[in-house]
Amino acid sequence: MTNFFNNPALFWTALAAFFIALFVELALRVNRRRRKRVLNAHSSRIEKALARFRAEKTKRITNDEYQKITGVSDATATRDLQKLENLGVLKQRGKGRGAYYIFQKKTTQK
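Numbering (the working numbering), first residue to last: 28 to 137.
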């Protein structure tokens, strides 16, 4: 078995590989924490709206309906609905003032 300390090239290669793996793992942890924090930041408001729409068996949601239920501004409603679309819960149909969102049959997280 080769001794790392007797072969400087092998030692530095192994050390570099170790630090690369360490930095990749740290970056993945930071990304997971950031994603979790973003998803949980407004989850109670989003869950409240989704629960109400499910209870009413609503097939589609508009930005105005979301604003009325949650009491948020137009910009916040747009961000929340886009977040739900990015998570695969909703799918946007239409553009501009006529836009609405429909529930996806299966929800998958990206």
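All C-beta atoms, glycine included, are put in the ideal place defined by N, C-alpha and C.
For Arg72, the enclosing alpha helix (DSSP H) begins and ends at Ser70 to Ala82. Within the DSSP secondary-structure output, Phe50 pairs in no beta bridge. The count of Cβ pairs closer than 8 Å, one atom from the stretch 70-81 and one from the stretch 48-58, stays below three, leaving the stretches out of contact. The three-state secondary structure of Lys132, taken from DSSP, is coil. Nearest to Lys86 by C-alpha distance, out of Leu117, Glu74 and Arg59, is Leu117.
Out of Ala82, Ala126 and Ser100, the CA that lies nearest to the CA of Glu112 is found in Ala126.
Apart from the 5 residues on each side of it in sequence, Gln119 sits with its Cβ closer than 7 Å to the Cβ of Glu112, Ala126 and Tyr128 in its chain, given in chain order.
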